[in-house]
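The structure under discussion appears below in the form of structure tokens.
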Amino acid sequence: MLSRTISTSQGQMAFLENSGSGTPVVFIHGNSTCRDVFRHQFETTWATTQHIIAIDLLGHGQSDDALEPQQAYTIPGHAATLIEALRSLNITRAALVGWSLGGHISLEMVGQGFEASGVMLVGAPPIRRGILGMVRGFRIQRDLLLATKSVLNAHEISRFARVCVGEKHAARFHDTIARTDGRARQILGRGLIAGLGVDQRWIVEKLSTPIAVVNGSEEPFARLDYVASISYRSLWDHSCHIIDGVGHAPFLEAPERFNPLLFRFLSDINFSRIDNTTQQQSCSVA
Numbered sequence: 096m097l098s099r100t101i102s103t104s105q106g107q108m109a110f111l112e113n114s115g116s117g118t119p120v121v122f123i124h125g126n127s128t129c130r131d132v133f134r135h136q137f138e139t140t141w142a143t144t145q146h147i148i149a150i151d152l153l154g155h156g157q158s159d160d161a162l163e164p165q166q167a168y169t170i171p172g173h174a175a176t177l178i179e180a181l182r183s184l185n186i187t188r189a190a191l192v193g194w195s196l197g198g199h200i201s202l203e204m205v206g207q208g209f210e211a212s213g214v215m216l217v218g219a220p221p222i223r224r225g226i227l228g229m230v231r232g233f234r235i236q237r238d239l240l241l242a243t244k245s246v247l248n249a250h251e252i253s254r255f256a257r258v259c260v261g262e263k264h265a266a267r268f269h270d271t272i273a274r275t276d277g278r279a280r281q282i283l284g285r286g287l288i289a290g291l292g293v294d295q296r297w298i299v300e301k302l303s304t305p306i307a308v309v310n311g312s313e314e315p316f317a318r319l320d321y322v323a324s325i326s327y328r329s330l331w332d333h334s335c336h337i338i339d340g341v342g343h344a345p346f347l348e349a350p351e352r353f354n355p356l357l358f359r360f361l362s363d364i365n366f367s368r369i370d371n372t373t374q375q376q377s378c379s380v381a
């Protein structure tokens with residue numbers, strides 16, 4: 096994997112890319128983290144042949160802080176900048192793997208016209224616009240409020256790291272959370288309350304593109320009953336997958352169970368099509 100940067104209208108974005116072939120797979124990380132959360136996916140044999148890209152969002156990781164934060168740090172703003180970056184790389188079609196904020200950005204990208212061969216949502220409930228949509232899709236509690244707070248003290252950084260990536264991996268991401276432009280969290284929260292962006296639930300109920308849904312059984316933010324209640328038009332495997340015993344980042348906490356789901360999903364969308372009728376779904380526990 097080579098680390099590179101690309102210029103966008105909102106600043107330089109850092110990304111990893113390999114020399115693999117086929118339809119690109121774009122990994123989009125969550126709030127206050129970076130592309131490194133997906134390292135257990137990059138280190139597999141599969142990753143040596145598949146074309147993979149992982150970009151640090153503006154205000155995160157090794158990317159620049161946004162030149163116009165009020166515009167760029169909303170979900171629509173992040174999506175627009177990612178589409179711009181991918182087009183600069185001559186990528187107009189890709190599979191999207193979005194975790195947490197990255198999942199919401201993935202759906203927004205589709206709503207803005209990006210052609211996705213498939214979308215995997217992890218820890219990202221497809222919500223309707225505005226405060227009511229948030230209340231229905233998220234568990235509103237103290238840890239979620241940290242995701243919208245501009246300044247985090249050391250205790251809050253540690254707490255947010257634990258809830259996002261689990262106790263075992265928390266220390267690795269302390270500096271990443273501390274580096275994040277605090278305006279990115281605050282502006283994101285305001286944009287969600289204001290209802291900026293697409294109706295994500297409508298997107299997954301109408302979209303013919305395959306949607307994979309994977310969550311940990313101990314998911315701290317998304318309401319899993321809400322996620323399972325949605326009538327997805329093209330739900331992969333006809334099931335919302337739940338990985339038992341892990342939290343918000345199953346790809347990091349249990350890669351040995353997450354990766355087979357990811358690789359099977361990507362194989363399926365490359366070689367077959369899901370019937371474009373509303374799927375009858377269930378929950379599958381791994």
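In the numbering used here, the protein residues as written are 96 to 381.
In this text, a Cβ means the ideal position worked out from N, Cα and C, and glycines have one as well.
All values derive from a computational prediction rather than experimental measurement.
Under a three-way DSSP split, which group does A189 fall into? Against the sequence shown, residue 189 aligns to sequence position 94. Under the three-state reduction of DSSP, A189 is assigned to strand.
I'd like the list of long-range same chain contacts for T187, defined as Cβ closer than 7 Å, with 5 residues on each side in sequence excluded. Here residue 187 refers to the residue found at position 92 when the sequence shown is read from its first residue. The residues are E210.
Chain-order list of residues whose beta-carbon lies under 6 Å from that of M108 (same chain, five-residue window excluded): By one-based count along the sequence shown, residue 108 stands at place 13. Cβ-Cβ distances below 6 Å link M108 to I101, I150, S158, A180 in the same chain, with the five nearest sequence neighbours on each side left out; the list follows chain order.
Contacts around L162, its chain only, beta-carbon distance under 8 Å, and the 5 residues preceding and following it disregarded: Sequence index remark: in the sequence shown, residue 162 carries index 67 (1-based). Within the same chain, L162 has close Cβ partners S104, Q105, G106.
On a CA-only basis, which of H264, I170, L247, S114 is nearest T143? Give me that one, please. Within the sequence shown, numbered from 1, the residue matching residue 143 stands at position 48. Nearest to T143 by alpha-carbon distance, out of H264, I170, L247, S114, is S114.
Given a cut-off of 9 Å, decide if H199 and Q295 are closer than it, judged by their beta-carbon atoms. Position 200 of the sequence shown, counting from 1, holds the residue named residue 295. Position 104 of the sequence shown, counting from 1, holds the residue named residue 199. Annotated as proximal: Q295 and H199, with beta-carbon spacing under 9 Å.
Helix, strand or coil for M436? Go by DSSP, reduced to three states. Outside the displayed span of the chain (96 to 381) sits residue 436, for which this structure offers no information.
Expressed to the nearest angstrom, what Euclidean distance is found between the alpha-carbon atoms of N185 and T118? The sequence position of residue 185 within the sequence shown is 90, counting from 1. The sequence position of residue 118 within the sequence shown is 23, counting from 1. If I take the Cα positions, the gap works out to 12 Å.
Determine the extent of the alpha helix (DSSP H) in which V258 is found, giving its start and end residues. If you number the sequence shown from 1, residue 258 lands on position 163. Taken as a continuous stretch (DSSP letters only), the alpha helix (DSSP H) holding V258 covers 249-260.
From G342 to D320, what distance separates their C-alpha atoms? Taking the first residue of the sequence shown as position 1, residue 342 is located at position 247. Taking the first residue of the sequence shown as position 1, residue 320 is located at position 225. Straight-line Cα distance between these residues: approximately 15 Å.
Report the option in R99, I337, L177, I123 whose CA atom is closest to the CA atom of E313. Within the sequence shown, residue 313 is the residue found at index 218, counting from 1. Cα-wise, what sits closest to E313 is I337.
Can you give me the start and stop residues for the alpha helix (DSSP H) that T271 sits inside? For the purposes of this step, residue 271 is identified with residue 176 of the sequence shown, where counting begins at 1. 269-274 is the span of the alpha helix (DSSP H), which, as asked, contains T271.
What first and last residue would you give for the alpha helix (DSSP H) that runs through I222? Taking the sequence shown and counting its residues from 1, one reaches residue 222 at position 127. It is not in any alpha helix (DSSP H) - I222 carries neither H nor E in the DSSP assignment.
Exposed unless 16 or more other CB atoms sit within 10 angstroms - verdict on I235: By 1-based counting over the sequence shown, the position of residue 235 is 140. I235 comes out exposed.
Taking the beta carbon of P355 as the centre, do at least 16 other beta carbons fall within 10 Å, making it buried, or is it exposed? Here the question's residue 355 lines up with position 260 in the sequence shown. Exposed, by the Cβ-count rule.
Test item: CB-CB of I306 and V214 under 9 Å: Within the sequence shown, the letter at position 211 stands for residue 306. Within the sequence shown, the letter at position 119 stands for residue 214. Yes. Within cutoff.
Spatial distance of S253 from I325 (CA atoms): Looking up residue 253 in the sequence shown gives position 158. Looking up residue 325 in the sequence shown gives position 230. CA-to-CA, the gap between S253 and I325 works out to about 33 Å.
Do F110 and H124 come within 9 Å of each other at the CB atom, strictly closer than that value? To locate residue 124, count along the sequence shown from 1; it is residue 29. To locate residue 110, count along the sequence shown from 1; it is residue 15. No, the pair does not count as a contact, with Cβ atoms beyond the cut-off.
A190 to L227 span [Cα, whole Å]: On the sequence shown, residue 190 is found 95 positions in, with the first residue counted as 1. On the sequence shown, residue 227 is found 132 positions in, with the first residue counted as 1. Answer to the nearest angstrom: the Cα atoms are 30 Å apart.
Would D270 be called buried (16 or more neighbouring beta carbons within 10 Å of its own) or exposed? Indexing the sequence shown from 1 puts residue 270 at position 175. Residue burial annotation: D270 is exposed, with fewer than 16 other C-beta atoms found within 10 angstroms of its C-beta.
List the endpoints of the continuous beta strand (DSSP E) containing V309. Counting from one through the sequence shown, the residue named residue 309 turns up at place 214. Its beta strand (DSSP E) spans residues 306-311.
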